[in-house]
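Colleague: Each residue of the sequence shown is one higher than the one before, counting from 1 in my numbering.
Cβ coordinates follow ideal geometry from the N, Cα and C atoms, glycine included.
Given the structure is predicted, the values throughout are model-derived calculations rather than measurements.
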Amino acid sequence: MRVYILSLFLLLGTLCSLHAQEGIKIGLRLSPISSFANITDEEGNQFLGLNRSSRPGFSYGLTANYGFTDNYGLYTGIHIVNKRFERNQDINLTNETVNASQVVRVSSIEIPAAIKLRSNEITTGLYIVGIFGLAFEFNTGYKNEFTGLNPINPTGDASGVNRNSDNIRRLTTSFIFGPAVDYETDFGMFNLGIIYHQMLSNINKLDSYGNSETIKIHYLAFDLGYFF
């Protein structure tokens, strides 16, 4: 949490120093998200009997838009993201088959670097927007609630919580894209968007149940933003 707060204050200071420049808009962002994981083996094949479920999460932070022209700009900022997913599968042991379940949460600091395309004014104050580019993620927290079988040590406790962040990679990258609308008023600009985040790199460093796995956590964000 202290890392999150420090990062927000550092970016706030930087953005405030730029706020006076023409074309810079600084805003606040709050986004309910729905995240899910794509889990494959080292060769990209799906595991038989593995069921995955999406889980709700949230994202919030500071956002900045820099307009190169009236129709093209840079979309960036710093966002705190909490992604969650659930996995369930039957694991064959020597004498029995065990149903193993995990609920995983990954927290990260995300910095988007994307292009923002903006239409001409549709009606008074209303603009159609498209966003596409990359997001760089510094993964700071990990929590795995498991039941049925310990993913690290099958002979250990059958249920518990693993918070060892060494099980995930610290740096990952996602491709982001989606539509949005801007609505400008006399007291600021409101933004509403649906942005998809597709993780490009493997976040996993843990071999669950003795298998080497590639895990990519994708999520859909329902962005609610206000720019000063």
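Run through the segment 32-101 for me and flag every whole alpha helix (DSSP H) of 4 or more residues, listed as ranges in chain order.
Modeller: Listed in chain order, the alpha helix (DSSP H) runs fully inside the segment 32-101 amount to none, counting runs of at least 4 residues.
Colleague: Pick helix, strand or coil for D157, following the three-state DSSP scheme.
Modeller: As a first step, residue 157 must be located in the sequence shown, where it is residue number 157. It is coil, neither helix nor strand.
Colleague: Taking Cβ positions, are P179 and V103 nearer each other than 8 angstroms?
Modeller: The residue you call residue 179 lines up with position 179 of the sequence shown. The residue you call residue 103 lines up with position 103 of the sequence shown. For P179 and V103, no; Cβs fall outside 8 angstroms.
Colleague: Is the CB-CB distance between K116 and R169 below 8 angstroms?
Modeller: Counting from 1 along the sequence shown, the entry for residue 116 is found at position 116. Counting from 1 along the sequence shown, the entry for residue 169 is found at position 169. It is not a contact, given that the beta carbons lie outside the stated cut-off.
Colleague: May I have the straight-line CA-CA distance separating T123 from G210, to the nearest angstrom?
Modeller: On the sequence shown, position 123 is the one that residue 123 refers to. On the sequence shown, position 210 is the one that residue 210 refers to. Using only the alpha carbons, I get a separation of about 58 angstroms.
Colleague: Does the structure place the segment 80-97 close enough to the segment 49-59 that three or more beta carbon pairs sit under 8 angstroms?
Modeller: yes
Colleague: So for G210, helix, strand or coil by DSSP?
Modeller: Sequence index remark: in the sequence shown, residue 210 carries index 210 (1-based). Of the three classes helix, strand and coil, the one that applies to G210 here is helix, per DSSP.
Colleague: So, for Q21: in the same chain, excluding its five sequence neighbours on each side, which residues have a beta-carbon less than 8 angstroms away from its beta-carbon?
Modeller: On the sequence shown, position 21 is the one that residue 21 refers to. Model confidence at Q21 stands at a pLDDT of 49, short of 50, so the residue's coordinates are unreliable and nothing is read from them.
Colleague: Could you tell me whether the segment 213-226 touches the segment 35-44, using the rule of 3 or more Cβ pairs below 8 angstroms?
Modeller: yes
Colleague: What residue does the beta strand (DSSP E) around S174 start on, and which one ends it?
Modeller: Numbered from its first residue, the sequence shown carries residue 174 at position 174. For S174, the enclosing beta strand (DSSP E) covers residues L171 to T185.
Colleague: Taking 7 angstroms as the limit between beta carbons, can you name the residues of its chain near A221, skipping five residues before and five after?
Modeller: As a first step, residue 221 is located in the sequence shown; it is residue number 221 there, counting from the start. Same-chain partners within the cutoff: S31, I33, S59, I195 and H197.
Colleague: At the level of alpha carbons, what is the spacing between G98 and E145?
Modeller: The count along the sequence shown starts at 1 and reaches residue 98 at position 98. The count along the sequence shown starts at 1 and reaches residue 145 at position 145. Gly is not the amino acid found at residue 98; the sequence shown has Val there. Taking the straight line from one Cα to the other gives about 16 angstroms.
Colleague: When you compare only the Cα positions, how much space is there between A64 and K25?
Modeller: Within the sequence shown, numbered from 1, the residue matching residue 64 stands at position 64. Within the sequence shown, numbered from 1, the residue matching residue 25 stands at position 25. Near 6 angstroms, if we compare the C-alpha coordinates of K25 and A64.
Colleague: Straight-line CA distance for N95 to A158?
Modeller: Along the sequence shown, one-based indexing puts residue 95 at 95. Along the sequence shown, one-based indexing puts residue 158 at 158. Whole-angstrom Cα-Cα distance: 16 angstroms.
Colleague: Judging by CA-CA distance, which residue of N120, L134 and N139 is the nearest neighbour of I109?
Modeller: Numbered from its first residue, the sequence shown carries residue 109 at position 109. Of the candidates N120, L134 and N139, the one whose C-alpha sits nearest the C-alpha of I109 is N139.
Colleague: If distances are taken between C-alpha atoms only, which option among F177, N167 and L224 comes closest to I203?
Modeller: Taking the first residue of the sequence shown as 1, we reach residue 203 at position 203. Checking every option, the nearest Cα to that of I203 belongs to N167.
Colleague: For F228, count the other beta carbons within 10 Å of its own beta carbon; 16 or more makes it buried, fewer makes it exposed. Which is it?
Modeller: For the purposes of this step, residue 228 is identified with residue 228 of the sequence shown, where counting begins at 1. By the neighbour-count rule (16 or more Cβ atoms within 10 Å), F228 is not buried but exposed.
Colleague: Rounded to whole angstroms, how far is the Cβ of G27 from the Cβ of G225, which I believe are closer than 8 angstroms?
Modeller: For the purposes of this step, residue 27 is taken as residue 27 along the sequence shown, with counting starting at 1. For the purposes of this step, residue 225 is taken as residue 225 along the sequence shown, with counting starting at 1. Approximately 5 angstroms separates the beta-carbon atoms of G27 and G225; this is inside 8 angstroms, confirming the contact.
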